[in-house]
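A.B. asks: The structure is given below, and queries will be raised subsequently.
And the structure:
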């Protein structure tokens, strides 16, 4: 057998991609809170010879503001290391000459400043949270149903995420709503889109089997990465943190020493 | 061949079931407006020897208030002739001992006055319109995700309907949203549920092949009726009335004389 199993992957591992919300921090009032151990985990990964990138479906702020928040929480992260759907969507819109009707969180609007939004010929939805009012969703629906060839872009397809005050509906729920209303299929930009993972791999200059994705979402993080040929590991923080002992067992803090030991010593142990 | 084709059906026809919104009237500000010809069509049907019932997925008002509105518009309709999802849902809740969390339009709340709503163990959604805020949908989601066996009832599964100021998202869109969020399948009460059509047939004392459904929705009216063994006819008023000439061609006013002539004279002509 070639190096396709976990120990083989660890041997050839050259890069790690971390999901952010639910892995590094829980969102909520203000900046949210860092998940215990995650700041140290990022430090240790950066001190290793593994490449590190961050991959988020966060669409409630511009990438710059989002990274500034993470820095305030204590993370050593820069904008160029972070991949998020809004800049990827902007590139697609410009490439295809599309003019979007936006149903997104106010904070992410500046990402779309440079695109023509008059007489829209597509709809872009992100995690708009409270902006997902009946009126706003109906307006997006009317734009779509009025187009000869309706095009809907969804910045992610998550079902829900965890904030400090509980679970909250994510953009995928509203994507399904508009898909049903207009009898169409949305184009997903962000995880688990293979194109999105590929852009992260390209930035690291790595092949899929050389990179590992760590996330709290089985479909969007782990499944999306595996679909690209990457390894995927699911932590039990974030939306899966209902059982406290899982946190200690499977937080990034637990994985990082294992990864580094396996990488540095090329051990074929620690199969997950 | 038995009497399964249209002329045969017309020969044995003993009852007609009319959809309401988009067939008899267009909803909108105030009471909405009667569709030209529909008041006369109801009159002619009542004067014939055909039984007549009304079947609606309207869930923005109690049946009493809804019928009063239709009467103000000029229709000869009584409460006992109208079948709507809320009373049907109430019967199901009581039969199964379920306590609902309601996400419905304020006007229909009184229909559920008699059911215990403390410590809910299911969710009921109707066409809540502006009540489909992010906060309200999230609250319904949290109730469902917190249940060991989540049960979601949807009062209809329509995609959208037409009001005087344009198309509006219907309850089915939010049903799909919650189905995706919680990875479950809703139980639909109302059209096109076979149980709902069966209750109308039972009330008329007719077999399915003896009744005809006339509606503006291909899935919920025509498809639902046909699935029960009834005949279904789609009018082009309501959500399909973009082309004005369709209105004259396929409004109930057009069908009624054809039906009555076919019924009374037992003609085998006029196959649709």
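Chains as they are written, first to last, in our numbering: chain A, 1 to 272; chain B, 1001 to 1272. Positions of the beta carbon are idealized from the N, C-alpha and C atoms, including for glycine.
#1: Around the C-beta of residue 1091 of chain B, are 16 or more other C-beta atoms found within 10 angstroms, so that it is buried, or is it exposed?
#2: Quick one: which unbroken alpha helix (DSSP H) runs of 4-plus residues sit fully inside the segment 61 to 137 of chain A? Chain order, please.
#3: So which residues of chain B does residue 145 of chain A contact, with C-beta pairs closer than 7 Å?
#4: Under 7 Å between beta-carbons, which chain B residues line up against residue 137 of chain A? List them in chain order, please.
#5: How about the segment 140 to 158 of chain A and the segment 121 to 131 of chain A: do they share at least three Cβ pairs that are nearer than 8 Å?
#6: To the nearest angstrom, how far is it from the Cα of residue 219 of chain A to the Cα of residue 136 of chain A?
#7: Reducing DSSP to helix, strand and coil, say where residue 20 of chain A ends up.
#8: Skipping 5 residues on each side, what residues in its chain have a beta carbon closer than 6 Å to that of residue 189 of chain A?
#9: Do residue 1016 of chain B and residue 1051 of chain B have their CB atoms nearer than 9 Å?
#10: In angstroms, rounded to a whole number, what distance separates the CA positions of residue 1198 of chain B and residue 28 of chain A?
#11: For a contact meaning CB atoms closer than 7 Å, what does residue 1096 of chain B contact in chain A?
#12: Closer than 9 Å, CB to CB, is residue 174 of chain A near chain B or not?
#13: State buried or exposed for residue 1130 of chain B, treating a residue as buried only when at least 16 other CB atoms are found within 10 Å of its CB.
#14: Look up residue 1014 of chain B in the DSSP assignment and say whether it is helix, strand or coil.
#15: Shorter than 9 Å from the beta carbon of residue 1236 of chain B to some beta carbon of chain A?
#16: Just to confirm, is the Cβ distance from residue 200 of chain A to residue 55 of chain A under 9 Å?
#17: For residue 40 of chain A, report the span of its alpha helix (DSSP H) as first-last.
#18: Is the Cβ of residue 1183 of chain B closer than 9 Å to any Cβ of chain A?
#19: Can you give the beta carbon distance from residue 209 of chain A to residue 12 of chain A, rounded, assuming they're within the 8 Å contact cut?
#20: Please report the residue range of the alpha helix (DSSP H) in which residue 1226 of chain B lies.
#21: I need the straight-line Cα distance from residue 1058 of chain B to residue 1127 of chain B, nearest angstrom please.
#22: Run through the DSSP bridge pairs and tell me what residue 1169 of chain B is partnered with.
#23: For residue 1159 of chain B, go through chain A and note every residue whose CB falls closer than 7 Å to its CB, in chain order.
#24: Checking the sheet assignment: what are the DSSP bridge partners for residue 216 of chain A?
#25: From what residue to what residue does the alpha helix (DSSP H) around residue 199 of chain A run?
#26: When the Cα atoms are used, what is the spatial distance from residue 46 of chain A to residue 111 of chain A?
#27: Out of B:1178, B:1160, B:1053, which one is the CA nearest neighbour of residue 1078 of chain B?
#28: When the Cα of residue 1043 of chain B is compared with those of B:1160, B:1076, B:1049, B:1063, which residue comes out closest?
#29: Quick one: what does DSSP say residue 1231 of chain B is sitting in, helix, strand or coil?
#30: With which residues is residue 53 of chain A paired in a DSSP beta bridge?
#31: Could you tell me whether any Cβ in chain B is nearer than 9 Å to the Cβ of residue 141 of chain A?
#32: Where does residue 1210 of chain B sit, in a helix, a strand or coil, going by DSSP?
#33: Rounded C-beta distance between residue 1185 of chain B and residue 1172 of chain B? I'm assuming under 8 Å.
#34: Report the neighbours of residue 112 of chain A on chain B: residues whose CB is nearer than 7 Å to its CB, in chain order.
#35: Output the distance between the C-alpha atoms of residue 61 of chain A and residue 1187 of chain B, rounded to the nearest integer angstrom.
C.D. replies: According to the structure data:
#1: exposed
#2: 63 to 73, 85 to 96
#3: 1167
#4: 1169
#5: yes
#6: 28 Å
#7: coil
#8: 85, 88, 89, 153, 155
#9: Contact: yes.
#10: One C-alpha to the other measures close to 49 Å.
#11: Proximity of chain A to residue 1096 of chain B at the Cβ level (cut-off 7 Å) is not reached, the minimal Cβ distance being about 26 Å.
#12: yes
#13: So residue 1130 of chain B counts as exposed.
#14: coil
#15: no
#16: yes
#17: 38 to 47
#18: yes
#19: 6 Å
#20: 1224 to 1227
#21: 8 Å
#22: B:1160
#23: 180, 181
#24: Listed as beta-bridge partners of residue 216 of chain A by DSSP are no residues whatsoever.
#25: 194 to 204
#26: 28 Å
#27: B:1053
#28: B:1076
#29: Reduced to three states, the DSSP call for residue 1231 of chain B is strand.
#30: A:17
#31: Residue 141 of chain A counts as touching chain B.
#32: helix
#33: Between residue 1172 of chain B and residue 1185 of chain B the Cβ distance is about 13 Å, and since that is not below 8 Å, they are no contact.
#34: None at all; the shortest Cβ gap to chain B is about 21 Å.
#35: 37 Å
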